[in-house]
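Undergrad:
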Amino acid sequence: MPVVMFTNCGNMGLPLALLAFGPQGFGAAVALFSISNLIHFSLGARITSASASTKELLLSPLMIASALGFASAVSGVRPPETIFTGMKLLGDAMVPLMLFALGVRLTQLRRRDVPRGLLGAFARPMIGLAVGVPLAWALGLEGMARAQLILFAALPPAVMQFLLAERYAQEPERVAAMILLGNALAVVFVPLGLALAL
47 MPVVMFTNCG NMGLPLALLA FGPQGFGAAV ALFSISNLIH FSLGARITSA
97 SASTKELLLS PLMIASALGF ASAVSGVRPP ETIFTGMKLL GDAMVPLMLF
147 ALGVRLTQLR RRDVPRGLLG AFARPMIGLA VGVPLAWALG LEGMARAQLI
197 LFAALPPAVM QFLLAERYAQ EPERVAAMIL LGNALAVVFV PLGLALAL
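Under our numbering, think of the first position of the sequence shown as 47, with each following residue one higher.
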């Protein structure tokens, strides 16, 4: 279920938002990304595994980093440049390592995982658009806010969901198949989302 709920709003959504809407709309995209990640690593982790402890979820690196980032934004206090540079280097290494882990898991993909992978790959953007477009109308969103919500609704499954599936041993091969096929289908659904958004 979380594979269909959460989108690849970081690796794909933020660059697309910057490309489609420019720097003036990037703040809203970052806010959507941050909220999505907080929900993903709290509610999403709990849905992935009922055995996930609340303490473990609250003390996860992502939750701590989000809280510190929010506190820094509100207070205006920034870490020293040397610490900030080190944190940025660690953050930049995360995406390649995550994709490497996903690739290793895909080597264990079985033919029987492909149909369910295709189902999840199609369901994620289709359900997202079926919810996102009416929600944008119901909330009275217009212009860039409406466009960004619809774009994020059309994105493929979140790559980070693979980490949760791996961590809690919840069919990581099938989740990996959904993520791989969903990101391949992004060539269809992302232009559709942009067409509906713009």
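Even for Gly, the Cβ is constructed at its ideal location relative to N, Cα and C.
1) Among Gly174, Gln216 and Gly122, whose alpha-carbon lies nearest the alpha-carbon of Gln207?
2) Spell out the partners DSSP gives Pro203 in its beta bridges.
3) Go ahead and pull the three-state DSSP assignment for Thr131.
4) Identify which residue in Arg170, Val179 and Arg124 has its Cα closest to the Cα of Ala230.
5) Any chance the stretch 71-84 sits against the stretch 194-206, with 3 or more Cβ pairs inside 8 Å?
6) Since Phe235 is in the alpha helix (DSSP H), which residue starts that stretch and which ends it?
7) So that I know if they touch, is there some Cβ in chain B lying closer than 7 Å to that of Pro61?
8) Going by Cα to Cα distance, which pick from Ala182, Arg162, Cys55 and Asn54 is closest to Ala223?
9) Could you have a look at Pro125 and say whether DSSP puts it in helix, strand or coil?
10) Pro203 and Gly239 - do their beta-carbons sit closer together than 7 Å?
11) For Gly90, which three-state DSSP category applies?
12) Hey, Ser95 and Tyr214: beta-carbon distance below 7 Å or not?
13) Cα-Cα, which of Leu143, Gly115 and Arg92 is closest to Asn57?
14) Taking DSSP as the reference, what is the three-state secondary structure of Val176?
15) Among the residues of its own chain, which have a CB less than 7 Å from the CB of Phe79, if the five just before and after it don't count?
16) Would you identify the three-state DSSP class for Gly186, choosing helix, strand or coil?
TA: Taking the geometry as given:
1) As a first step, residue 207 is located in the sequence shown; it is residue number 161 there, counting from the start. Out of Gly174, Gln216 and Gly122, the CA that lies nearest to the CA of Gln207 is found in Gln216.
2) Counted from its first residue, the sequence shown places residue 203 at position 157. According to DSSP, Pro203 shares a beta bridge with Thr53.
3) Along the sequence shown, one-based indexing puts residue 131 at 85. Thr131 carries a helical assignment under DSSP once its states are collapsed to helix, strand and coil.
4) For the purposes of this step, residue 230 is identified with residue 184 of the sequence shown, where counting begins at 1. With distances taken between Cα atoms, Ala230 lies closest to Arg170.
5) Verdict: yes, contact present.
6) The residue given as residue 235 occupies position 189 in the sequence shown. Segment Ala232 to Ala243, the alpha helix (DSSP H) holding Phe235.
7) The structure shown contains no chain B, having only a single protein chain.
8) Position 177 of the sequence shown, counted from the first residue, corresponds to residue 223. Taking Ala223 as reference, the option from Ala182, Arg162, Cys55 and Asn54 with the minimal CA-CA separation is Arg162.
9) As a position in the sequence shown, residue 125 is number 79, starting the count at 1. When secondary structure is reduced to three states using DSSP, Pro125 falls in the coil class, being assigned neither helix nor strand.
10) Against the sequence shown, residue 239 aligns to sequence position 193. Against the sequence shown, residue 203 aligns to sequence position 157. No.
11) Working through the sequence shown from its first residue, we reach residue 90 at position 44. Correct three-state label for Gly90: helix.
12) The count along the sequence shown starts at 1 and reaches residue 95 at position 49. The count along the sequence shown starts at 1 and reaches residue 214 at position 168. Yes; because the gap between Cβ atoms is below 7 Å, this pair is in contact.
13) Indexing the sequence shown from 1 puts residue 57 at position 11. Ranking the options by Cα distance to Asn57, first place goes to Leu143.
14) Reading the sequence shown from its first residue, position 130 is the one you call residue 176. Residue identity check: residue 176 is Ala in the sequence provided, not Val. In the three-state reduction of the DSSP assignment, Ala176 falls in the helix class.
15) If you number the sequence shown from 1, residue 79 lands on position 33. Result list for Phe79: Cys55, Gly56, Gly59 and Leu60, in chain order.
16) Within the sequence shown, the letter at position 140 stands for residue 186. Residue state, collapsed to three classes: coil.
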